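Protein chains in written order, with numbering that gives the first Met the number 0: chain R, 0 to 428; chain P, 0 to 428; chain C, 0 to 153; chain F, 0 to 153.
Built from N, CA and C at the ideal position, the CB exists for glycine as well.
Given the structure is predicted, the values throughout are model-derived calculations rather than measurements.
Data first, discussion second: the structure below is written as structure tokens.
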Amino acid sequence: MALNVDEIRSDFPILKRDVRGVPLVYLDSGATSQKPSVVLDAERAFYETSNAAVHRGAHALAEEATDAYESAREVIAGFVGASSDEIVFTKNATEAINLVAYAFSNATDKHRQGIEVDPRFVLRPGDNIVVTEMEHHANLIPWQEVCAKTGATLKWFGITADGRLDMESNPIDQNTKIVSVVHQSNILGTINPIEDIMRMAHSAGALGFVDMCQSVPHMPVDVHATGADFAAWSGHKMLGPTGIGLLWGKSELLNAMPPFLSGGSMIEMVNMDHSTYAPAPQRFEAGVPMVAQAVALATAVGYLEQIGMDNVAEHEHELTEYLLNRLQELPGVHIIGPPNAIDRGSAVSFVVDGMHPHDVGHIMDSRGVAVRVGHHCAWPTCRRFDVPATTRITPYLYNSRADMDAAVEAIVAAQEFFGVLPESEKVGL
Amino acid sequence: MALNVDEIRSDFPILKRDVRGVPLVYLDSGATSQKPSVVLDAERAFYETSNAAVHRGAHALAEEATDAYESAREVIAGFVGASSDEIVFTKNATEAINLVAYAFSNATDKHRQGIEVDPRFVLRPGDNIVVTEMEHHANLIPWQEVCAKTGATLKWFGITADGRLDMESNPIDQNTKIVSVVHQSNILGTINPIEDIMRMAHSAGALGFVDMCQSVPHMPVDVHATGADFAAWSGHKMLGPTGIGLLWGKSELLNAMPPFLSGGSMIEMVNMDHSTYAPAPQRFEAGVPMVAQAVALATAVGYLEQIGMDNVAEHEHELTEYLLNRLQELPGVHIIGPPNAIDRGSAVSFVVDGMHPHDVGHIMDSRGVAVRVGHHCAWPTCRRFDVPATTRITPYLYNSRADMDAAVEAIVAAQEFFGVLPESEKVGL
Amino acid sequence: MSDDLYQEIILDHYKNPRGVHSLDHALAESHQVNPTCGDEVTVWVGEGDNGSLDVAYVGQGCSISQASASVMSELVAGKDAATVSKLEDAFMELMQSKGNLQPDEDVLEDAIAFAGVSKYPARIKCALISWMALKDARIKAGLTDHASDIDEEN
Amino acid sequence: MSDDLYQEIILDHYKNPRGVHSLDHALAESHQVNPTCGDEVTVWVGEGDNGSLDVAYVGQGCSISQASASVMSELVAGKDAATVSKLEDAFMELMQSKGNLQPDEDVLEDAIAFAGVSKYPARIKCALISWMALKDARIKAGLTDHASDIDEEN
Ligand SMILES: Cc1ncc(COP(=O)(O)O)c(C=O)c1O
Ligand SMILES: Cc1ncc(COP(=O)(O)O)c(C=O)c1O
């Protein structure tokens, strides 16, 4: 079903504003999405009616707040086919990935001190962790850090010239303890064959993690169906507030992991010299959590469900196909990533001959077109394609073909301004 | 200057509501505070006008969002006499404490792998960490975990019968690496002599950390003047939104610490096999941060500054004195913590003869009086006083003497209902 | 005031608890804690006459948790594993009812007094803690009933 | 469009950069990176005639960063440490002005073209990166001026 973009846009107050004196064309949803009024309403209503510390009080407000928080967990779990005890609230996806990375370094430390831990999380020199060359820094540096702390080795899948994972470069072996792969690259747009990779991980006896930051907001995802053991994504990229992220993990594994952040609400018994931990997900939610944000995110999920994730995905697919075609017609413009819309999300990176991506983005911005420039927290991917940076367009459900046209026109204007448009093309666009 | 409580109350929508069919008397601000409309307005306005990912984009919205976020940091830093590069945004105080605790275990791990780290953060068996018996679990369990991972030993100050730190029990010695103490106990109300304790820490060559969760919201605090090296507190307890906490640390120390959460925005250079880190505070803010929450918290700070923290402290002092006196007149009611209002904040815990704290709180709640029951995440403190739990009243700037009276009447009603009011007292209250 | 929560039966069991002792011939014990408020209960189970259960407990905590332990011990003592298992289910169902279930007095006897607790989410755990300990101890002791317990053990 | 940012002078220096080479007799170099966009510049400084500075650079990045490096190298070459230190301060002040400063062309010459950059917070770092490298290299090389540099080194 085609989306009614006009109607959707009317739900997002910020999309009505001007920037630099011209109407805003927001094409940076890969960095963060905008929020519909219902989400802002829900967050405010929580504060105005039920705000209290959750899981800690017995008074009426505390009960209401706890109920709102746990109901939000259920809604969000349902959205990805999980059960609520598999969902941990974090502050962002980055924390969620770190949480699992730290399970390894913490278990390794405790094991070294003679404390009993689940052997699946203990790393020894000779063990390795596998990622890919197209990871966001959030799914790369935490694993580098684990390796630096434990003596394990980091290995990775390479990337082919057209922006796909190079399956020939598969480094998974019997010493692999965890394989962590991005579902959809935030810089290339590539959708990876995660089911295959998770199978490969499991055959080698390793655990599997999927970074779903760019998939869950944009397509229907059933976490169990992917074959993964863990997944992470963030609320702010799926119409939810800032300050909330999600970890999904199989219950059995979450309960086998040592705690990450410790403090109140994650404990069972506390003595001065020794404490025991609550079962997951509480074990991983120390301190007063982001209650209002969870409530608002559940409302965002409801909004997306009403539109239908199938429809969101289809809409983005159409926009992507259209945009890729238009960009490929532009002389001097090169797409970094898969050139067609097959197994590909809506993140479209490109470079322009004779111009730095930063300058391209700046001139687009002066025409109201908000895109992102830089390495997009995927610096090694830029190096792989020998570009210092890219300019990136990331549409979402509130964008239309007209927005794609505005972006294309802004690119041409940038080329004209910098005098890098090939002679033959100067007229007629 | 006396506070105009009526006027203040009118700024807090939730305080107008009924619970269980009677007007709400909210006395659980020690767990979390309520939020004035200006704070909710600021959060919403951010989303409706300037929402974008900070520090990552060059377009107009991204610039506005970054500016809003960094201006918020400046306002919050100013509130505690710090400079903005000393302030790290976390999701709650618990994360802030864990951040510093992990600096120790991470540095110790890296040191073991031959990576150069600042020796102040390296722990060896024989080294110790000092806390107190009145810590919130958030300032106890992270240090227990560090000890479990490194072989260091946890030591602590005891508590006297009237709820003060037992300075005789001082365990600080030359092997102490860090001393972490709560500024104001969330269960006893005790305000600790942190300047003295920080001096003792420094004389022993140790670092000093202060848990300011219950002080910064309630009194004027100049972090540098306390002599501490680090401090943590949370936004939600000082009229700000859920999902944001603060770490203050001396710049030199923050920059000497290894990273905690790693990922985007905390890096300098990234390669597949090696990365370098940005200076603090960015080093500790991986991923998209709680931008809207920071903006809203800065507004909360502005609201508090306009009222004046001196006035807030004075108001709470008066309420505390009044409440302590009234409670001490009640037969069968015993205060757990200092019985007078000297060096004491507004958190007042008590137990009632013949009744469990949970039942006391429940009956108070049925009369609209919201108080907290349980161990208040300070279980060892309960054990010290040989009580399974307490009932706790924690007033704030929006509470009046009438609220104290309502609490006292509810306690008497609970005693009557359970038939535990001593015979002589049954009439005339 | 709080009449729906604090029934006379509850206050009576709280003030005059039954079944508080340990069990010489216990086959298993279970210690349960409610981490949010520190309530504790230890339940012992042993074998009584004709395949019936012997049950005893000690605990500390709020009126709901202690009265519930007392009611529980009185209700299940002398019954066989199959019956006890059904009682556990019935009580659990009552606690999850949010106040919308009319409990069967013939089955639950004094335990119907806890119906009101189900309206207070923060107190449900108090009422359940002794029942959870009972079930855990029963399973540890092998005093289970194939038909009613087997599903939940997997 | 973007006229306040992309002055002719900037585009000219971007397309025809001056001073791009390394320095045989360099006393020090400084490599600076803008982590948000990956811009890089390396600046070398050496001693020229009569206590003047020799400066060279290589870099890659956006027009602002590369033009700024070019303008910088042209502006400071042949000047003494005290003068260069003052130029650094003047340029820094211009960048922090949020567009509210009328720069002195007699002092900053071509560098006044960057006045508009100060209105774009995300681009200020681009314009500054070569100047930061210059200062860092100068300090490493000991080519400092007591009066103007000493404060900032502590
Ligand atoms: C003294 C003290 N420390 C730490 C905390 C933990 O704060 P948060 O839950 O915001 O992380 C609290 C509040 O719960 C507290 O009162
Ligand atoms: C693929 C991918 N992984 C991880 C992240 C990190 O998410 P967050 O910044 O919300 O922690 C992002 C977004 O920035 C992303 O696109």
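Listed by chain order, chain R residues near Ser62(F) by CB distance under 7 Å: The contacting residues are His355 and Asp358.
Euclidean distance between Cα positions of Leu23(R) and Glu317(P): 53 Å
Gly239(R) versus Ala71(R), Glu62(R), Asp5(R) and Val53(R), residue with shortest Cα-Cα distance: Ala71(R)
Limits of the alpha helix (DSSP H) - the one that Val37(P) falls within: Ser36 to Thr48
Heavy atom of ligand 1 within 8 Å of His58(R) beta-carbon: No, Cβ of His58(R) sits at least 8 Å from all heavy atoms of ligand 1.
Distance cut-off 8 Å: Gln31(F) Cβ against heavy atoms of ligand 2: no
Beta-carbon contacts of Ser67(C) that lie in its chain and below 6 Å, excluding the five residues immediately before and after: Ala126 and Ser129
Under the three-state DSSP convention, the category Phe103(P) falls into: DSSP places Phe103(P) in the helix class (H, G or I) of the three-state scheme.
Environment of Glu358(R) [buried if 16+ CB atoms lie within 10 Å]: Per the sequence shown, residue 358(R) should be read as Asp rather than Glu. Asp358(R) should be labelled buried.
Bridge-paired residues (DSSP) for Gly58(C): Val40(C)
Cβ distance (whole Å) where Tyr395(P) is taken to contact Ser32(P) below 8 Å: 6 Å
Minimum length 4: unbroken alpha helix (DSSP H) runs contained in the segment 317-395 of chain R: 356-365 and 378-383
Boundaries of the beta strand (DSSP E) in which Asp516(R) is found, first to last residue: The displayed coordinates of chain R run from 0 to 428. Any statement about residue 516(R) would go beyond what the structure contains.
Chain-order list of residues whose beta-carbon lies under 6 Å from that of Pro288(P) (same chain, five-residue window excluded): So the qualifying residues of the chain are Phe88.
Stretch pair the segment 187-194 of chain R + the segment 323-337 of chain R: three plus CB contacts closer than 8 Å: yes
Nonlocal neighbours in the same chain, by C-beta distance under 6 Å from Gly373(P), ignoring five residues either side: Ala388
In DSSP terms, what Glu46(F) is bridged to: Leu52(F)
Reference Thr107(P); option with closest CA among Thr149(R), His361(R) and Asn398(R): Thr149(R)
Beta-carbon gap between Ala55(F) and Arg137(F) smaller than 9 Å: Not in contact: Ala55(F) and Arg137(F) (Cβ atoms no closer than 9 Å).
C-alpha distance - Gly37(C) paired with Tyr46(P), whole-angstrom precision: 41 Å
Which of helix, strand or coil DSSP assigns to Gly29(R): coil
Reduced DSSP category for Val87(P) - H, G, I as helix; E, B as strand; rest coil: strand
C-beta atoms of Ala377(P) and Glu134(P) nearer than 9 Å: yes
Beta bridge counterpart(s) of Thr275(P) as assigned by DSSP: Bridge pairing for Thr275(P): Met268(P) [DSSP].
Within-9 Å CB hit, Ala92(P) to chain R: yes
Minimum Cβ-Cβ distance from Gly373(R) to chain F less than 9 Å: yes
Option nearest Pro192(P) by Cα separation, candidates Gly125(P), Ala413(P), Ile341(P) and Lys154(P): Ile341(P)
Exposure of Asn324(P), with buried meaning 16 or more beta-carbon neighbours within 10 Å: exposed
Cross-strand partners of Glu194(F) (DSSP beta bridge): A query on residue 194(F) cannot be resolved here, the shown segment of chain F reaching from 0 to 153 and no further.
Distance between Pro216(R) and Ala57(P) (C-alpha atoms, nearest Å): When rounded, the distance between both Cα atoms is 23 Å.
Val67(P) vs Leu245(P) beta-carbon contact at 9 Å: Going by the sequence as given, residue 67(P) is Ala instead of Val. Going by C-beta atoms, Ala67(P) is not nearer than 9 Å to Leu245(P).
Proximal residues, the segment 63-77 of chain C versus chain R, C-beta separation under 8 Å: none
Pair within 9 Å by beta-carbon distance, Leu329(R) and Val220(R): The Cβ atoms of Leu329(R) and Val220(R) lie no closer than 9 Å to each other.
The segment 61-80 of chain F contacting the segment 6-24 of chain F, beta-carbon criterion three pairs below 8 Å: Touching, yes, given that three or more Cβ pairs across the two stretches are closer than 8 Å.
Where Glu104(F) falls, given that 16 or more other Cβ within 10 Å makes a residue buried: exposed
Contacting residues, own chain, Cβ-Cβ under 6 Å from Pro278(P) (five flanking each side not counted): The residues Asn254, in chain order, have a CB closer than 6 Å to that of Pro278(P) in the same chain once the five nearest residues on each side in sequence are set aside.
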